[in-house]
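Reviewing the structure listed below.
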Amino acid sequence: MLTLDNAQARRIFLDRHALSDAPVGEAKGAALYQLIHALGFVQIDSINTVARAHDLILFSRRQRYRPKALRTLYERDKALFEHWTHDAAVIPMEFYPYWELRRRRDAERLRARWREGRREGFERRFQDVLDRIAAEGPLSSSDVGRDEDRGSGGWWDWHPSKTALEYLWRSGALCVVGRDGFKKRYDLTERVIARDLHDPEAHIDTAAIIDWCCDQALARLGFATHGEIAAFWAHVTPAEARDWCARGLAAGTLEQVGITGADGSVRLAYARPGLDRDPAIDKAPPGRLRVLSPFDPALRDRNRAERLFGFTYRIEVFVPEAQRTFGYYVFPIFEADRIVGRVDMKAFRDEDVLRVRAVWPEGRTRWGSGRQRSFEAELDRLCRLAGVGRVDFEDGWLRPSAQHYL
């Protein structure tokens, strides 16, 4: 059985996540679309301490990227659609047919869940919401249900018409066509999705969707357990992914490989035959230092990041401030094929400054003058994305190793 050492495994994994090349090159139009296609999707998130997650994910791979390029690709060119994987994401439009299984399953699952967890009456609002959008064009949640009681403003305290909009989007009758600020605008699916991608009378066989989901997930991971394959798009169940892997082993289209973790332990995974001949296995990533989003696709599976990189990370947004180990929104710092630290920083746009509160080196990483210069150069580049003009370091910003706190 092929066993990859840890360096080889990291190189394959980083290649599949578009982190094994320098972050240079065109970052709009067709080039940006190809990057998103290679990743599979880009998670959308509203937190903007420095930049929104989707913008930082793309910026870390193409530092000429600016948010306008994604809006153009999504809202004007209709090259992307928005739906869910493990969370809300923008996805290449050509993948839309393969979300049929997700839409069908969401229709059943969410109706049952939201009857108990949302305000009563959202199902009675379906037709009214559809009729209004048909007559008036794209609408947001503030345009509907104006006579309905509004909640406290919590994320899930939706009025019934807002819940109806979300359900109709998740189940396929509506599409999100853009955002005002971070508020979604919804339109009828038949006015958004081309007929060759969305024919209400044509259905893709469930088995074909499962095959596509598993195949395309593995292509973007390089190697994976059946659970990681299932979690990539979050459409298929672990049992369905396990069965797909078993069929692949029997047919010879998959093989099991050993993947050596950062701690030296070996874990079994599935891969396409010939992984040891993949050019990426000997391709050393550039030494350039980059700041990654906490929701970067290479790190969003925290357990896998810990196995491959020895990086123990939990986002503390929902942890009370007094109980946080590091900070509200702490960014991993990536260099070559290693995570060398984490930084707590925030852009204060009214003061035109990116303020660095703390940096924790990772493990035995030495934070010398050379690494500091590389870090400052990256922060200068990041200022352009954040929309500020300078960087300030607070007193006592360089902290002991992160492992001291874990």
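Take 149 as the starting number for the sequence shown in the working numbering and just add one per residue. Built from N, CA and C at the ideal position, the CB exists for glycine as well. Just so it is clear, the structure is predicted and the values come from calculations on it, not from any experiment.
For residue 407, which of 444, 385 and 453 has the nearest alpha-carbon?
In the sequence shown, counting from the first residue as 1, residue 407 sits at position 259. Ranking the options by Cα distance to residue 407, first place goes to 453.
When the distance is taken between beta carbons, is residue 502 closer than 8 Å to residue 531?
Numbered from its first residue, the sequence shown carries residue 531 at position 383. Numbered from its first residue, the sequence shown carries residue 502 at position 354. Contact: yes.
Who are the near neighbours of residue 214 in its chain, counting only those whose CB is closer than 6 Å to its CB and skipping five residues on each side?
Your numbering for residue 214 matches position 66 in the sequence shown. Cβ neighbours of residue 214 beyond the five flanking positions: none.
Residue 457: which of 471, 488 and 431 sits nearest, CA to CA?
On the sequence shown, residue 457 is found 309 positions in, with the first residue counted as 1. It is 488.
Using the beta-carbon count (16 or more within 10 Å), is residue 182 buried or exposed?
Walking along the sequence shown from the start, residue 182 turns up at place 34. Counting Cβ neighbours within 10 Å, residue 182 comes out exposed, since fewer than 16 surround it.
Take every Cβ of the stretch 355–370, pair it with every Cβ of the stretch 388–401, and state whether three or more of those distances are shorter than 8 Å.
Taking 8 Å as the limit for Cβ pairs, the verdict is that the stretch 388–401 does touch the stretch 355–370.
Within this structure, are the beta carbons of residue 437 and residue 483 separated by less than 8 Å?
The residue labelled residue 437 in the question sits at position 289 within the sequence shown. The residue labelled residue 483 in the question sits at position 335 within the sequence shown. Closer than 8 Å, so yes.
Starting from residue 231, follow its DSSP beta bridges and name the residues at the other end.
By 1-based counting over the sequence shown, the position of residue 231 is 83. Residue 231 is bridged to 237.
With respect to the beta strand (DSSP E) encompassing residue 408, which residues constitute its N-terminal and C-terminal limits?
Against the sequence shown, residue 408 aligns to sequence position 260. Element bounds for residue 408: 403–408.
Compare the C-alpha of residue 401 against each of 415, 387, 423 and 388 and name the closest.
On the sequence shown, residue 401 is found 253 positions in, with the first residue counted as 1. Out of 415, 387, 423 and 388, 423 has the C-alpha closest to the C-alpha of residue 401.
Span of the beta strand (DSSP E) holding residue 331?
Position 183 of the sequence shown, counted from the first residue, corresponds to residue 331. Element bounds for residue 331: 331–336.
Which runs of the beta strand (DSSP E) fall wholly inside the stretch 432–474 and span at least 3 residues, in chain order?
If we require 3 residues or more, the beta strand (DSSP E) runs fully inside the stretch 432–474 come out as 437–439.
State the start and end residues of the unbroken alpha helix (DSSP H) segment that holds residue 161.
Here the question's residue 161 lines up with position 13 in the sequence shown. Where residue 161 is concerned, the enclosing alpha helix (DSSP H) stretches over 154–164.
Whole beta strand (DSSP E) runs in the stretch 516–546 with 3 or more residues, listed along the chain?
For the stretch 516–546, whole beta strand (DSSP E) runs of length 3 or above, ordered along the chain, are 538–541.
Return the chain-ordered list of same chain residues with a C-beta closer than 7 Å to the C-beta of residue 254, the five sequence neighbours on each side being excluded.
Translated into the one-based positions of the sequence shown, residue 254 becomes position 106. These residues qualify, in order along the chain: 318 and 319.
Helix, strand or coil for residue 423? Go by DSSP, reduced to three states.
Stepping through the sequence shown from its first residue, residue 423 is reached at position 275. Helix.
How long is the line joining the alpha carbons of residue 258 and residue 432, rounded to whole angstroms?
On the sequence shown, residue 258 is found 110 positions in, with the first residue counted as 1. On the sequence shown, residue 432 is found 284 positions in, with the first residue counted as 1. Approximately 45 Å, taken between the alpha carbons.
Is residue 140 buried or exposed, if buried means 16 or more other CB atoms sit within 10 Å of its CB?
Outside the shown range of the chain (149 to 554) lies residue 140, about which nothing can therefore be said.
Would you mind stating whether residue 357 and residue 256 have Cβ atoms separated by less than 8 Å?
One-based indexing of the sequence shown puts residue 357 at position 209. One-based indexing of the sequence shown puts residue 256 at position 108. Not a contact, by the Cβ cut-off of 8 Å.
Taking Cβ positions, are residue 540 and residue 504 nearer each other than 8 Å?
On the sequence shown, position 392 is the one that residue 540 refers to. On the sequence shown, position 356 is the one that residue 504 refers to. Contact: yes.
Using the rule of at least 16 other Cβ atoms within 10 Å of the residue's Cβ for burial, across every protein chain shown, is residue 451 buried or exposed?
Sequence index remark: in the sequence shown, residue 451 carries index 303 (1-based). Exposed: under 16 other Cβ atoms inside 10 Å.
Mind checking which residues open and close the alpha helix (DSSP H) that includes residue 277?
Mapped onto the sequence shown, residue 277 falls at position 129. Residue 277 -> alpha helix (DSSP H) spans 274–284.
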